[in-house]
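Numbering (my numbering), first residue to last: 8 to 258.
Structure representation (structure tokens):
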């Protein structure tokens with residue numbers, strides 16, 4: 008059985024209904040979740056990403072020390088993804104990378120996200136992952152992360168409207184949600200648009216499946232791509248002595 012840790016890089020425990028995950032996991036998959044003790048209440052900007060970073064690395068190190076087989080960073084902006092991959096020797100999956108890859112495999116795609124201000128971030132990610140030419144639009148629905156769960160019907164309706172604009176006006180063949188807080192809305196959006204559900208990518212369940220697949224691969228982690236950082240003193244982060252000790256011991 009593979010052990011996967013969801014690292015949700017915010018301090019807002021309980022911000023989302025995770026019930027839709029239950030039916031999306033392989034039977035031989037043990038999933039646990041952790042939130043940050045310090046960091047932002049949601050990730051909607053570059054500032055939020057930086058604030059989340061130290062906690063993501065701490066959580067990754069803790070997960071590895073507890074025998075977890077793979078980690079999923081529960082945010083479409085992939086905060087501290089490369090840093091976490093440097094810090095540990097187990098697979099670390101970013102919802103943004105996995106979600107965009109799945110959407111891009113279907114042709115031109117759009118990110119339907121919470122706020123339009125994130126367009127720059129998603130275009131940067133698409134370029135980084137090699138999908139810049141396939142990302143035809145970023146559509147913000149005008150509902151912040153922490154408001155998504157307060158009125159599910161309104162959130163679904165706004166996501167449908169964003170998806171419709173992406174498909175009709177922008178020529179998107181697939182849609183990927185730009186926020187893992189939109190978990191469980193994929194079927195509503197597909198039905199509202201009258202399209203195959205496979206064309207609407209719900210990134211968190213997808214990333215968990217990818218993580219599960221990675222645990223079965225021998226040599227899934229190539230540390231030559233994400234080498235461990237040089238051991239050095241780190242001040243002000245209580246959990247980081249573990250990283251220093253790991254680097255110093257060469258383990």
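Positions of the beta carbon are idealized from the N, C-alpha and C atoms, including for glycine.
Backbone secondary structure at residue i - three-state DSSP
i	result
residue 181	strand
residue 267	Since the first residue of the chain shown is 8 and the last is 258, residue 267 is not available in this structure.
residue 147	strand
residue 202	coil
residue 237	coil
residue 57	helix
residue 34	coil
residue 42	strand
residue 224	coil
residue 135	helix
residue 10	strand
residue 116	strand
residue 175	helix
residue 142	strand
Alpha-carbon spacing of residue i relative to residue j, whole angstroms
i	j	result
residue 30	residue 156	19 Å
residue 183	residue 119	6 Å
residue 241	residue 133	32 Å
residue 213	residue 130	21 Å
residue 160	residue 95	40 Å
residue 36	residue 238	34 Å
residue 16	residue 47	8 Å
residue 117	residue 203	15 Å
residue 211	residue 25	10 Å
Minimum C-alpha distance to residue i - residue among the options
i	options	result
residue 135	85, 121, 206 and 177	85
residue 235	93, 201 and 206	93
With 16 other Cβ atoms within 10 Å as the buried cut-off, status of residue i
i	result
residue 215	buried
residue 127	exposed
residue 224	exposed
residue 123	exposed
residue 33	exposed
Cβ-Cβ separation, residue j to residue i (assumed contact under 8 Å), whole Å
i	j	result
residue 49	residue 153	5 Å
residue 221	residue 80	13 Å between Cβ atoms; not a contact.
residue 78	residue 12	5 Å
residue 261	residue 168	Summary: the structure shown does not reach residue 261, with the chain confined to residues 8 through 258, and so no result is reported for it.
residue 196	residue 207	5 Å
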